[in-house]
Structures are given as C-alpha cells and as structure tokens.
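Trainee: Okay, here's the structure, questions in a sec.
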Amino acid sequence: MSYQNILIAKEHNIATITINRPEKLNALNKVTIQELHHAFSTLESHRDIRAIILKGSGDKAFVAGADIAEFAEFSIEEGIQLSAQGQETLFNFVENLRVPVIAAINGFALGGGLELAMACHIRVASENAKMGLPEVSLGVIPGYGGTQRLPQLIGKGRALEMILTAGMISAEEAHREGLVNHVVKQEDLLSVCNEIAQKMIKNSPAAIAMAIHAVNANFKEGENGFETEIKSFGRCFGTEDFKEGTKAFLEKRKAVFTGE
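Going by the working numbering, the sequence shown opens with residue 421, and the numbers climb by one from there.
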C-alpha cells in the first residue's frame, strides 16, 4: 500500500513510522488514522519486526492534534461514530499491539496527538516537547481515550486538572508526573528510542506480546489482571521461545528467539 501521510523505514528488526504532515503539524485526519492502522497491522504481521518507533516529521510537533476542520460540523451521532471508530481503528489497536511501540515525542503532542502517544507502550520526549488535552477549549472532550489513559498514567486529580484547564505541560513536568518515561535532548531523541528498542529486540517476542497483554488486562473493565497474568504465564511454556530461552540459559549462551 502506498501512503499519503506516513513514511516507514526498517532497520535491524526495528521499524520507524513517521507521520508526515508537517504543514498541518502532523494533525490526525481520517486518512492518516487509516494509514497508521494499516501500517501497524502490516508491521505486526512481519516476524522480523520486533519493535516500532512512532514519530512526527519536522522539529515542531509529534502530532499537534486532530484535524478539526474534518468534524467541525458533525452531529451528535457523527461525533459518537468518530470517537468509536478512531479508538477501535488506531488508539486501542496500538495499545494492544503484540509488538512494543515507542512514541518519540518531539515538539507538540496535543489532543489526539497526546492520546496517540499515551496509547503507545513507552514514551520518550525531547526537552522542547509540550503536551496537553485542550479539547474543552473547543467545547468538546478528549474522544480518543484521553479521559481514560491520562488518569491511569498520572492519577485522577492531576488528569482532571490538565483536562479541565486545557493547559499544556512541559516535558520535564510530564516526566515528573509519569506521563513520559524519559526526557532527552532534541538531537538525542531517536537514538535513545533506538537504544530502548535494541534492548527489547534481544528478548522473546512471544513473551513480550504476553507481557503487553497481561499489563493491559489490569485496566480493562471486567477482566482480572491477575488471572490474565496466570494464563499468559502458562501459555509461555508452550512456546518455542520458552524452550529456546531456558535451553540457552542452561547452556550459558545467548538465546535465538523466533517469536513462536
């Protein structure tokens, strides 16, 4: 598939997806959301891809938000559909991806941009990054999971303050709050993300997928995270990666994992 708004690069089991709408500060529109879904789905199906880095083009923004012009005239039902489809197609999809996704946040991550970063498994921000959910200043609320994931990451009270004031926070504030894992110099952002990815790809892809599933279970209504962990732990014993990992450990050599 040829893409209008994203670029994909691959190197040594790591894929990098770039949202490429610099003239719109990489704002998410319907086409971009569909393209991102297709890209993540395709990369997940490739056994050689063990980690994904997601970034925005240029030096001003990761993603500055959703493309407001697309939904400014929407009805109630159209708004509901927009939110539901977006969450299913991209945000929930990324959160539940078997391959770990690292958000490289450079510049603005606002509205849907911060929601997309929060759906990723790990977030690394450059020192110039600014983050926020400004939707209430437009008469709407975050609709791509922001009201759910932000409290999970930084707590209810702080999340409500960010959402209700529509304010932005700096990269350092985001780090103190637990919203991002690391803050680095702008020129080091991609190299640090790559270093984290390199550490991940040495490990079992099958176990990593199970770990993501088990951690996510704790935040899903009606699902017992401990039970999910127990079952996922057990399923690991049926994988080739487990056999290879334990054998390599006993033989005092590096394991060669296949993801099976």
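For every residue, glycine included, the Cβ atom is placed at its ideal position computed from N, Cα and C.
1) Which value, in whole angstroms, describes the spacing of the CA atoms of Leu517 and Lys450?
2) Residue range of the alpha helix (DSSP H) that Ile496 falls in?
3) In whole angstroms, what separates the C-alpha of Arg467 from that of Phe460?
4) Distance check for Ile589 and Gly575, CA to CA, integer angstroms please.
5) According to the Cβ coordinates, are Glu592 and Val603 closer than 7 Å?
6) Pick out whichever of Gln606, Asn601, Ser557 has its Cα sitting closest to the Cα of Met582.
7) Quick check on the burial criterion: 16 or more other C-beta atoms within 10 angstroms. Buried or exposed for His541?
8) Between Ala484, Glu680, Thr567, Ile650, which has its C-alpha nearest Met551's C-alpha?
9) Output needed for Ser503: all residues of its chain with C-beta closer than 6 Å, excluding positions within five of it in sequence on either side, in chain order.
10) Using 8 Å as the Cβ pair cut-off and three pairs as the minimum, do the stretch 649-664 and the stretch 617-634 touch?
11) Under 7 Å Cβ to Cβ from Leu427, same chain only, skipping five residues before and after it: list those, please.
12) Using the three-state DSSP reduction, which class does Val676 fall into: helix, strand or coil?
13) Using the rule of at least 16 other Cβ atoms within 10 Å of the residue's Cβ for burial, across every protein chain shown, is Leu580 buried or exposed?
14) Between the Cα of Lys622 and those of Glu498, Phe639, Gly665, spot the shortest distance and give me the residue it belongs to.
15) According to the neighbour-count rule (16 or more other Cβ atoms, all chains shown, within 10 Å of its Cβ), is Glu555 buried or exposed?
16) My output table needs one value for Asn641: the three-state DSSP class, helix, strand or coil.
17) What are the partner residues of Met551, as DSSP defines its beta bridges?
18) Whose C-beta lies closer than 7 Å to the C-beta of Gly532 among residues of the same chain, with five residues either side of it excluded?
19) Quick check on DSSP: helix, strand or coil for Ser543?
20) Quick one, are the C-beta atoms of Glu535 and Gly566 less than 7 Å apart?
21) Who are the Cβ neighbours of Met421 in its own chain at under 7 Å, not counting the five residues just before and after it?
22) Inspect the beta-carbon positions of Ala481 and Glu515 and report whether they are closer than 7 Å.
23) With respect to the alpha helix (DSSP H) encompassing His458, which residues constitute its N-terminal and C-terminal limits?
Mentor: If we stick to the structure as given:
1) Roughly 20 Å separates the two Cα atoms.
2) It spans 496-506 - the alpha helix (DSSP H) in which Ile496 sits, taken as one unbroken run.
3) Roughly 13 Å separates the two Cα atoms.
4) Here the alpha carbon of Gly575 sits roughly 15 Å from the alpha carbon of Ile589.
5) Yes, they are a contact pair.
6) Among Gln606, Asn601, Ser557, the Cα nearest to that of Met582 belongs to Ser557.
7) Flag for His541 reads buried.
8) Nearest C-alpha to Met551: Ala484.
9) Contacts found: Gly563.
10) Touching, yes.
11) Counting only Cβ-Cβ distances below 7 Å, and skipping sequence neighbours, we find Thr438, Asn440.
12) Coil at Val676, not helix or strand.
13) Label assigned to Leu580: exposed.
14) Minimum Cα distance to Lys622 is reached at Gly665.
15) Classification for Glu555: buried.
16) Reading off the sequence, residue 641 comes out as Glu, not Asn. Note: Glu641 maps to coil in three-state DSSP.
17) DSSP output for Met551 lists Ala529, Ile589 as bridge partner(s).
18) Excluding sequence neighbours, Gly532 sits near Leu448, Val483, Gly485, Ala486, Tyr564.
19) Inspection of the sequence shows that residue 543 is occupied by Arg rather than by Ser. The answer is strand: DSSP assigns Arg543 an E or B state.
20) The criterion of a C-beta distance shorter than 7 Å is satisfied by Glu535 and Gly566.
21) Only His458 meet the Cβ criterion.
22) It is not a contact, given that the beta carbons lie outside the stated cut-off.
23) Counting along the chain, the alpha helix (DSSP H) containing His458 begins and ends at 450-465.
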